[in-house]
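Worksheet: one structure, shown below.
In our numbering, the protein residues as written are 1 to 111.
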């Protein structure tokens, strides 16, 4: 069971450090999983591997379909994703709701 599951689809490589920093801070107090989409607007695996292994702890890079599979298999208390109306986000929100998780949508972590 994860305390927090984060799912972000549109992460710019130039802002990846912000997302990894958030995940690292959360994992200091909670059991957190971060899923990053590696699709057209997401972070590619080779970009993620530029960061130290300890910065990538509990971080998964995958496509939207794989993310949905992962989300359907993990239990969570809180699900956080970015604002969006595309099918992966709608499906992800429904899955979190089925798991009884609290869900929230946030803006992107730019800057």
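Heads up, the beta-carbon is just placed ideally off N, CA and C, and yes, glycines get one too. Keep in mind the model is a prediction, meaning the values are calculated, not measured.
Along the chain, where does the alpha helix (DSSP H) that runs through residue 65 open and close? Taking the chain shown and counting its residues from 1, one reaches residue 65 at position 65. Element bounds for residue 65: 64-73.
Is residue 50 helix, strand or coil by DSSP? Position 50 of the chain shown holds residue 50. When DSSP states are grouped into helix, strand and coil, residue 50 belongs to the coil group.
Does the Cβ of residue 43 have 16 or more other Cβ atoms within 10 Å, making it buried, or fewer, making it exposed? Position 43 of the chain shown, counting from 1, holds the residue named residue 43. Counting Cβ neighbours within 10 Å, residue 43 comes out buried, since at least 16 surround it.
Is it right to say residue 111 is buried, meaning 16 or more other beta carbons lie within 10 angstroms of its own, or is it exposed? For the purposes of this step, residue 111 is taken as the residue at position 111 of the chain shown. At residue 111 the pLDDT is 47, less than 50, meaning the model places this residue with poor confidence; the figure from the coordinates comes in the next sentence. Exposed, by the Cβ-count rule.
Please go through the same chain and pick out, in chain order, the residues whose beta-carbon is closer than 7 angstroms to the beta-carbon of residue 24, but skip the five residues on each side of it. The residue given as residue 24 occupies position 24 in the chain shown. So the list reads 55, once near-sequence residues are dropped.
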